[in-house]
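Heads up: the structure comes next, in structure tokens.
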Amino acid sequence: MIYFVGAGPGAEDLITVRGRELIEQAGMIIYAGSLVNREHLKYAPEGCEIFDSASMTLEQVIEAMEDGNRRGLDIVRLHTGDSSIYGAVREQMDMLDELSIEYEVVPGVSSFCGAAASLKAEYTLPGVSQTVIITRMAGRTPVPGKEDIALLAEHRATMVIFLSAGLLRPLTEKLIEGGYSKESPAAIVYKATWPDEKVLRCTVGTLAETAEKNGISKTALIIVGDFLGDKYQRSKLYHPAFSHEFRP
Numbered sequence: 093m094i095y096f097v098g099a100g101p102g103a104e105d106l107i108t109v110r111g112r113e114l115i116e117q118a119g120m121i122i123y124a125g126s127l128v129n130r131e132h133l134k135y136a137p138e139g140c141e142i143f144d145s146a147s148m149t150l151e152q153v154i155e156a157m158e159d160g161n162r163r164g165l166d167i168v169r170l171h172t173g174d175s176s177i178y179g180a181v182r183e184q185m186d187m188l189d190e191l192s193i194e195y196e197v198v199p200g201v202s203s204f205c206g207a208a209a210s211l212k213a214e215y216t217l218p219g220v221s222q223t224v225i226i227t228r229m230a231g232r233t234p235v236p237g238k239e240d241i242a243l244l245a246e247h248r249a250t251m252v253i254f255l256s257a258g259l260l261r262p263l264t265e266k267l268i269e270g271g272y273s274k275e276s277p278a279a280i281v282y283k284a285t286w287p288d289e290k291v292l293r294c295t296v297g298t299l300a301e302t303a304e305k306n307g308i309s310k311t312a313l314i315i316v317g318d319f320l321g322d323k324y325q326r327s328k329l330y331h332p333a334f335s336h337e338f339r340p
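Its first residue numbered 93, the sequence shown is counted upward by one per residue in the working numbering.
What follows is the structure, encoded as structure tokens:
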């Protein structure tokens, strides 16, 4: 069996119990070496075949999987965070389907969850934002025109922006074009939950300056929204005047 496993955002103990157990019994591990914490590999059994996919093509990854599957190995494809977000996982699954090779998916903790924990923040504050937009700037990989950052920013919802730390000046322009002010609260979370994590609070207008001062140009989430401010409404869920099924 092939298992697509989310390795979590960085810290080695933020992988799921199921994910760790699969690593412990794997005959082959193919991991995203440019992003996944190598500390996960110390739980692999002796003799486990380990491949770093950072230098591999999709075809080479599938070839390794096909070979391991033919030899009866349990294979762990270890992705950073959760494989469903910018994991390039669908194309792997489609090729395995064509080869009639079975696989399962084990979810992981995404870095956007790790970033919220590091910020000690709640993305969905009552009266402020009940929507989280996960997106990225267009770079070498384009995004659909209808998902332009300026259009998404018009909602003024919580925004978590991946893969854009090297594009902060054009990102700032897009956010302001969409309706944010230069003073709107923002944050940069570099390598969320890793030992060398950096959590930097700033504003939309100072995103680029803050990143440059701290030497950040990649491996960081850009987070924007009024949930980073001080004003919000109390949740009705625990309000003494609000009744529901479990509390009259």
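Backbone N, C-alpha and C fix where the C-beta goes; we use that ideal spot for every residue, glycine too.
As the structure is a prediction and not an experimental result, all values here were calculated from the model.
Residue i CB to nearest chain C CB: under 8 Å?
i: residue 336; result: Absent from the structure: chain C. Only one protein chain is present.
State the Cα-Cα distance for the pair residue i and residue j, rounded to the nearest angstrom.
i: residue 204; j: residue 299; result: 18 Å
i: residue 304; j: residue 294; result: 13 Å
i: residue 201; j: residue 275; result: 31 Å
i: residue 123; j: residue 167; result: 11 Å
i: residue 220; j: residue 242; result: 19 Å
i: residue 282; j: residue 302; result: 12 Å
i: residue 138; j: residue 286; result: 26 Å
i: residue 297; j: residue 340; result: 47 Å
i: residue 322; j: residue 217; result: 10 Å
i: residue 284; j: residue 148; result: 26 Å
i: residue 136; j: residue 105; result: 15 Å
i: residue 150; j: residue 273; result: 42 Å
i: residue 178; j: residue 267; result: 21 Å
i: residue 116; j: residue 165; result: 13 Å
i: residue 227; j: residue 316; result: 12 Å
i: residue 158; j: residue 169; result: 12 Å
Specify the secondary structure class of residue i as computed by DSSP and reduced to three states.
i: residue 343; result: The structure shown does not extend to residue 343, since the chain is modelled only from 93 through 340, so no value can be given for it.
i: residue 268; result: helix
i: residue 241; result: helix
i: residue 196; result: strand
i: residue 277; result: strand
i: residue 305; result: helix
i: residue 112; result: helix
i: residue 232; result: coil
i: residue 300; result: helix
i: residue 248; result: coil
i: residue 96; result: strand
i: residue 261; result: helix
So, at 7 Å on beta carbons, what are the nonlocal neighbours of residue i in its own chain, with the 5 sequence-adjacent residues on each side left out?
i: residue 172; result: 99, 124, 127 and 128
Can you list, in chain order, the residues of its chain whose CB lies under 6 Å from that of residue i, leaving out five sequence neighbours each side?
i: residue 141; result: 120
i: residue 336; result: none
i: residue 107; result: 99 and 100
i: residue 325; result: 218 and 219
i: residue 318; result: 220
Should residue i be counted as a contact of the ligand FAD given a C-beta to heavy atom distance under 7 Å?
i: residue 125; result: This structure lacks the ligand FAD; in fact it carries no ligand of any kind.
Please go through the same chain and pick out, in chain order, the residues whose beta-carbon is closer than 8 Å to the beta-carbon of residue i, but skip the five residues on each side of it.
i: residue 244; result: 225, 227, 251 and 270
My parser needs the beta strand (DSSP E) runs of 3 or more residues fully inside the region 119-176; what are they? 120-123, 141-144 and 167-171
Closer than 8 Å is the cut-off here; do at least three beta carbon pairs connect the region 294-314 with the region 328-336? no
Validate contact between the region 152-163 and the region 124-132 using beta carbons, cut 8 Å, 3 pairs: no
Do the region 254-263 and the region 223-234 make contact, defined as three or more Cβ pairs closer than 8 Å? yes
Any 3 or more C-beta pairs closer than 8 Å across the region 171-186 and the region 209-220: no
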